[in-house]
Each structure stands twice: as C-alpha cells, then as structure tokens.
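The block underneath contains the structure these notes are about, expressed in structure tokens.
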Amino acid sequence: MQMGIRLVAEYYDTKSGKVIETRLLREDKIKRPTTLKEFGYLHSEQIQLLQTIQDFKLHYETKLINEEAICPNCHHKTSPRGTRKSNFHAVFTDHKISIQRRRCQCGWSNPDSVEAI
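Rendered as structure tokens:
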C-alpha cells in the first residue's frame, strides 16, 4: 500500500462548523528516505508551504479590510475609488495585497497600504 500526507486548509464558519472552502496545499507520497535531503521538507519546500498558507489566509483577510463602507469621521456611506497594490512582507514570504480605495464626501479616504492600516 502506498501512503501519503495531504496538507489541507479550510475556511469555515466558526459557529456552525460549516466548511466554505477547502484547499489542498500540498500532497506528498511517503517513501523511505535514502539521503538526508529526502528526509522531511527542504528549506525551499518549507518556505513555499508558508507562502501558500499565508496566501490562503490573506485572501480572506483582504476581503474584510476592503469592506469598510462607512466613513469613520461622519458616518456617511463611502464610495470606491479603485484599488492599489500594497506590499506585505512577512518573516519568510512576500505578498502583494489589493486594497480597495474608498473616499467620503467629507474628504476622508482610507489608508492605501498594509503598513498604513
């Protein structure tokens, strides 16, 4: 019998437990290592796995920061004004995040970078 390991991420409702999205992050067959390089994950494979996990989480977090539709100053509805790509640098991975620009009639506009948020 051939054995393997599947690494899976799930986006789910914490109250009901309902799974909204499941993504296969990595799938590996398990075999007997014959060299040290075949044992566990190589450094580059570890970094790639972190990149994939971060991308999955950032996808959903970005949706939440882009939902701000009420002005924090005057509490009127804001209007979208395009998107801006912002760099997000984690310890081992780098990402580009699309931030929805929003503006209010009172002159307020939301931060346009991850650092400003």
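For any residue, its number in my numbering is found by taking its place in the sequence shown, counting from 1, and adding 472. Just so it is clear, CB atoms sit at the ideal spot from N, CA and C, and this is done for glycine as well. The structure presented is a predicted model; accordingly, all values stated were derived computationally and were not measured.
Return the CA-CA distance between residue i and residue j, expressed in angstroms with no decimal places.
| i | j | result |
| --- | --- | --- |
| Arg553 | Ala588 | 17 Å |
| Asn511 | Pro505 | The sequence given here has Phe at residue 511, not Asn. Answer to the nearest angstrom: the Cα atoms are 6 Å apart. |
| Lys568 | Trp580 | 24 Å |
| Arg556 | Ser585 | 8 Å |
| Leu530 | Asn559 | 12 Å |
| Gln474 | Glu499 | 13 Å |
| Glu592 | Ile525 | Residue 592 lies beyond the stretch modelled for the chain, which goes from 473 to 589, so this question has no answer here. |
| Thr486 | Gln577 | 37 Å |
| Ser488 | Ser551 | 33 Å |
| Tyr483 | Asp527 | 13 Å |
| Thr661 | Gly476 | The displayed coordinates of the chain run from 473 to 589. Any statement about residue 661 would go beyond what the structure contains. |
| Ile542 | Leu522 | 34 Å |
| Val491 | Asn538 | 23 Å |
| Pro583 | Ala562 | 19 Å |
Helix, strand or coil for residue i? Go by DSSP, reduced to three states.
| i | result |
| --- | --- |
| Leu497 | strand |
| Ile589 | coil |
| Lys503 | coil |
| Ser488 | coil |
If residue i sits next to residue j, beta carbons under 8 Å apart, how far is it from one beta carbon to the other, in whole angstroms?
| i | j | result |
| --- | --- | --- |
| Thr565 | Ile519 | 7 Å |
| Leu497 | Val480 | 6 Å |
In this structure, what does DSSP give as the bridge partners for residue i?
| i | result |
| --- | --- |
| Ala481 | Arg495 |
| His567 | Phe560 |
| Thr555 | Gln572 |
| Met475 | Ile502 |
Is residue i near the ligand SAH, going by C-beta to nearest heavy atom under 7 Å?
| i | result |
| --- | --- |
| Lys557 | Looking for the ligand SAH in the displayed structure turns up nothing, as the structure carries no ligands at all. |
Q: Check whether the segment 535-551 touches the segment 504-516, counting contact only when three or more Cβ pairs, one atom from each stretch, lie closer than 8 Å.
A: no
Q. With a cut-off of 8 Å, do at least 3 Cβ pairs link the segment 567-580 to the segment 525-543?
A. Counting Cβ pairs under 8 Å, three or more are found: they touch.
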